[in-house]
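Have a look at the structure below, then the notes.
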C-alpha cells in the first residue's frame, strides 16, 4: 500500500463526511449545494485513489471514465439546483 | 534534473499554499480574487512541472485549458448582469 | 522522493482546509470563491494521481463553468432564496432537539468516513486483481481508439455513456422548464472584450483539438464539450447575449444530438445484425468519432443552458421581426 | 550547458513565484498586492516556461508552452485591470 493511497484516500473519506454533514445540517441552501459538491469531490477522490497504482504504472481506466462523466453530471445537477433557487425566489416574491 | 524538478514543484506548491492563505484571509472579495489569480498561474506552472516529472504529456493540455480560462473568475465577479425585465 | 511526499501532504492539506473554510462561512460570496479554489487544487490532485482525462474536465468545468455559474448566482438578486436560511426547527424549546440532531448527524458522518476508510484499507491491502483494467488493455486493440478512457466511455461501457447523456438531457430539460434565461451581462469594457476576441477562437480550437486527440491521448467529448461551453461563458461575460447558441428547433436538435446519434448508431448496428452498440472493429474508430462529435455539441449546449439558467428567449429585435 | 541553463531558469522562475506569494501575503492593501502579483507571477511563469522549453527540446511542445504563457499574461493583465477597476468603483461610491 502506497503512502499516496493513505493520504488521498483518507482525505476523500473526510471530504465525503464533511460535505454530507453540511448538506444535511446547514441552514443556507447555497451551503447545502456546495456541501453536496464537496461530498461528490470526496467520492471522486476515493475512486481516483483506488485507480492509482503508483508512479509509472498505468492506472485503472474504468474508474477514470466513471469520475469523468460524474464531474459533468455534477455540474449539470448544480445548475439545475440554481435554476430551482431562482424559480423559488420568483415564487416567494409573488406570494 | 528529476530531483531539481521535484524540488521546483515543491517550491510552487508552497507558493500556492501561501496564496491560499490570502484566499482564506481576504479581507475583501477583491483580495481573494487576486489570490485566486496567483494560485491559478501557480497551478499552471505546477502542472507543467508535473507533466515532466510524472512523464504525462497530457498535463500540458490541462495547463493550457487552465491558462485560457484564468480570467473567467475575475470577469464573472466584476461583470454586471443586465436588469431583469418586468415579469 | 521526499519532495514529492511533502508536495502530497501540502496538496491534501490545501484541499481539506479549503473545503472546511468554504463550508464553515455564512458569507455566500466567500464560500463560492473558496469552492473555486478547491476545484483548482482538485484539478492538480487529478494530475498528480495520473488522471489527466479527469484533470482536463475538472479544469474546464471548475475554472470556466461552475465558478462563473455560482459567482453570478450569488450576486444576483433573483437567487435570493440561495442565501436565505430555511426555517430552522429550533424556534421555541426545540433547541435541545436541534443540538441532539446535529450531534447525531455529525457522529453518523464520522462513522461513515471511518467505515469507508476501513474498507479502503482492506481493498488496498489485498493485491489489486485488476480484472477490469486487464480486460480493457487486452481488448484495446479492437476498440478503435488507443486512449483506454475513451475506449471505456465510447465502446466497452457505451451503454453507460448513453444513459449519462440522457441524464444531462434531463437536467437541460429541467432548466428549460423552470423559466426564461437570465437577461445576460452588460458589456465588460474594452479590456475584457479585447481578451475575449482571441480567447474565444482559442477555446473553440482547443475544443476541436481535444475532441480529435481523445482517440489516442487524454481528451474526448466531455472535455471538448466543457471547453466549448467555457468559450460561450467568456462570450456571455463579455456582453454577447446569445453567444451563438441557437434558439427554437435548432437548439432542441443540438440538445438531443448526443443521445440520438448514439441511438441511431446502436440501432443501425442492430439492423445490420450486430449487437446494440457492438461496433465492427474496422469501423469502430470512425463511429466513435461520429458519436463523440454529436455528444460534444449536446454536452456544450447543455452546459451553456446551465449557465443561462433557463430557456433562451430570442433577442428582442428578432422577436419583433417574426411576430 | 543547455541543462544548466534550463535548471537555472526553472529555479529562478520558482523564486519569482515565491516572491510573488510572499508579497501577496505581506503587502498592506489591495493595490500594492496587485502590483506584487502581476509582476511576479508573469515573470515567474515566463522563466519557468523558458526553462522547461529548453529542457524538452521538442518544438511543438515548446510552442504550446509559449502559447500557455501568452494566455496567462493576457488573462492576468485583464483580471488585474478588472479587479482594480471594481475596487476603485466601490471606493468612489462609498
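Chains as they are written, first to last, in my numbering: chain F, 25 to 119; chain Z, -16 to 70; chain C, 832 to 1154; chain W, 9 to 102.
Glycine is no exception: its CB is placed at the ideal position from the N, C-alpha and C atoms.
How many angstroms separate the CA atom of residue i from the CA atom of residue j?
{"i": "residue 80(W)", "j": "residue 930(C)", "result": "48 Å"}
{"i": "residue 1058(C)", "j": "residue 1038(C)", "result": "5 Å"}
{"i": "residue 88(W)", "j": "residue 61(Z)", "result": "11 Å"}
{"i": "residue 15(W)", "j": "residue 34(Z)", "result": "16 Å"}
{"i": "residue 1142(C)", "j": "residue 948(C)", "result": "43 Å"}
{"i": "residue 65(F)", "j": "residue 1018(C)", "result": "34 Å"}
{"i": "residue 1158(C)", "j": "residue 88(F)", "result": "Because chain C here runs from 832 to 1154, residue 1158(C) falls outside it and cannot be looked at."}
{"i": "residue 21(W)", "j": "residue 847(C)", "result": "28 Å"}
{"i": "residue 49(Z)", "j": "residue 1061(C)", "result": "11 Å"}
{"i": "residue 63(W)", "j": "residue 891(C)", "result": "27 Å"}
{"i": "residue 1015(C)", "j": "residue 908(C)", "result": "14 Å"}
{"i": "residue 1117(C)", "j": "residue 968(C)", "result": "20 Å"}
{"i": "residue 1053(C)", "j": "residue 100(W)", "result": "44 Å"}
{"i": "residue 1004(C)", "j": "residue 1137(C)", "result": "10 Å"}
{"i": "residue 866(C)", "j": "residue 63(Z)", "result": "21 Å"}
{"i": "residue 68(Z)", "j": "residue 57(F)", "result": "Any reading at residue 68(Z) is ruled out, since the residue's pLDDT is 49, under 50, leaving its predicted position unreliable."}
{"i": "residue 51(Z)", "j": "residue 70(W)", "result": "17 Å"}
{"i": "residue 27(F)", "j": "residue 94(F)", "result": "26 Å"}
{"i": "residue 78(F)", "j": "residue 36(F)", "result": "18 Å"}
{"i": "residue 1069(C)", "j": "residue 17(W)", "result": "36 Å"}
{"i": "residue 876(C)", "j": "residue 32(Z)", "result": "13 Å"}
{"i": "residue 987(C)", "j": "residue 10(Z)", "result": "50 Å"}
{"i": "residue 954(C)", "j": "residue 962(C)", "result": "14 Å"}
{"i": "residue 61(F)", "j": "residue 24(Z)", "result": "24 Å"}
{"i": "residue 939(C)", "j": "residue 59(F)", "result": "16 Å"}
{"i": "residue 971(C)", "j": "residue 964(C)", "result": "10 Å"}
{"i": "residue 851(C)", "j": "residue 65(Z)", "result": "34 Å"}
{"i": "residue 833(C)", "j": "residue 42(F)", "result": "29 Å"}
On the DSSP bridge list, what partners appear for residue i?
{"i": "residue 64(Z)", "result": "1016(C)"}
{"i": "residue 83(F)", "result": "According to DSSP, which records beta bridges pairwise, residue 83(F) is partnered with nothing at all."}
{"i": "residue 1142(C)", "result": "1011(C)"}
Residues in its own chain within less than 7 Å of residue i by CB, not counting five upstream and five downstream?
{"i": "residue 902(C)", "result": "863"}
{"i": "residue 49(W)", "result": "25, 28, 84"}
{"i": "residue 71(F)", "result": "87, 90, 91"}
{"i": "residue 868(C)", "result": "849"}
{"i": "residue 33(F)", "result": "70, 73"}
{"i": "residue 1012(C)", "result": "1139, 1140, 1141, 1142, 1143, 1144"}
{"i": "residue 26(Z)", "result": "-1, 49"}
{"i": "residue 1124(C)", "result": "1042"}
{"i": "residue 84(F)", "result": "75"}
Beta-carbon within less than 8 Å of residue i's beta-carbon, same chain only, minus the 5 sequence neighbours each way: which residues are those?
{"i": "residue 906(C)", "result": "860"}
{"i": "residue 72(Z)", "result": "This structure cannot speak to residue 72(Z), because chain Z is shown only from -16 to 70."}
{"i": "residue 22(Z)", "result": "-1, 2, 3, 6"}
{"i": "residue 32(W)", "result": "41, 44, 45"}
{"i": "residue 796(C)", "result": "It is not possible to answer for residue 796(C), since the shown part of chain C is limited to 832 through 1154."}
{"i": "residue 913(C)", "result": "859, 904, 905"}
{"i": "residue 115(F)", "result": "none"}
Heavy atom of the ligand COA less than 7 Å from the Cβ of residue i, yes or no?
{"i": "residue 96(W)", "result": "Among the ligands in the structure shown, none appear at all, so the ligand COA cannot be discussed."}
Among the candidates the options, whose CA atom is the shortest distance from the CA of residue i?
{"i": "residue 1002(C)", "options": "114(F), 97(F), 54(F), 43(F)", "result": "97(F)"}
{"i": "residue 54(Z)", "options": "78(W), 77(W), 82(W)", "result": "82(W)"}
{"i": "residue 1008(C)", "options": "113(F), 115(F), 108(F)", "result": "108(F)"}
{"i": "residue -14(Z)", "options": "12(Z), 58(Z), 36(Z), 23(Z)", "result": "36(Z)"}
{"i": "residue 1033(C)", "options": "35(W), 97(W), 101(W), 72(W)", "result": "72(W)"}
{"i": "residue 1099(C)", "options": "1122(C), 1084(C), 1083(C)", "result": "1122(C)"}
{"i": "residue 1081(C)", "options": "968(C), 1070(C), 899(C), 1132(C)", "result": "1132(C)"}
{"i": "residue 872(C)", "options": "839(C), 896(C), 884(C), 900(C)", "result": "839(C)"}
{"i": "residue 19(W)", "options": "52(W), 98(W), 77(W), 9(W)", "result": "52(W)"}
{"i": "residue 12(W)", "options": "30(W), 54(W), 34(W), 60(W)", "result": "60(W)"}
{"i": "residue 42(Z)", "options": "65(W), 76(W), 67(W)", "result": "76(W)"}
{"i": "residue 1126(C)", "options": "1093(C), 990(C), 938(C), 1030(C)", "result": "1093(C)"}
{"i": "residue 910(C)", "options": "53(F), 44(F), 29(F)", "result": "53(F)"}
{"i": "residue 990(C)", "options": "1120(C), 833(C), 900(C), 1109(C)", "result": "1109(C)"}
{"i": "residue 49(F)", "options": "884(C), 896(C), 928(C), 878(C)", "result": "928(C)"}
{"i": "residue 880(C)", "options": "851(C), 836(C), 852(C)", "result": "836(C)"}
Once the 5 residues before and after residue i are set aside, which same chain residues still bring their CB inside 6 Å of it?
{"i": "residue 1063(C)", "result": "1074, 1135"}
{"i": "residue 845(C)", "result": "872"}
Exercise for the section: Indicate whether the contact test is met: 3 or more Cβ pairs, each with one atom in the stretch -2 to 17 of chain Z and one in the stretch 41 to 54 of chain W, closer than 8 Å. Expected result: Because the criterion of three Cβ pairs below 8 Å is met, the stretch -2 to 17 of chain Z and the stretch 41 to 54 of chain W touch.
Practice task
Specify whether the stretch 98 to 108 of chain F and the stretch 28 to 41 of chain W touch according to this definition: at least 3 beta carbon pairs, one from each stretch, less than 8 Å apart.
Solution key: Too few Cβ pairs lie closer than 8 Å, so no.
Exercise for the section: Count the CB pairs spanning the stretch -6 to 2 of chain Z and the stretch 18 to 32 of chain Z that are closer than 8 Å, and state whether there are at least three. Expected result: A contact exists between the stretch -6 to 2 of chain Z and the stretch 18 to 32 of chain Z.
Handout entry: Segment contact flag, the stretch 845 to 857 of chain C with the stretch 1018 to 1025 of chain C, C-beta cutoff 8 Å, min 3 pairs
Key = These segments do not touch.
Practice task
May I ask you to verify whether the stretch 1097 to 1107 of chain C touches the stretch 1068 to 1077 of chain C, counting CB pairs closer than 8 Å and requiring at least 3?
Solution key: Short answer: they don't touch.
Exercise for the section: Report yes or no: do the stretch 1044 to 1063 of chain C and the stretch 972 to 988 of chain C share at least 3 C-beta pairs separated by less than 8 Å? Expected result: They touch, by the three-pair rule.
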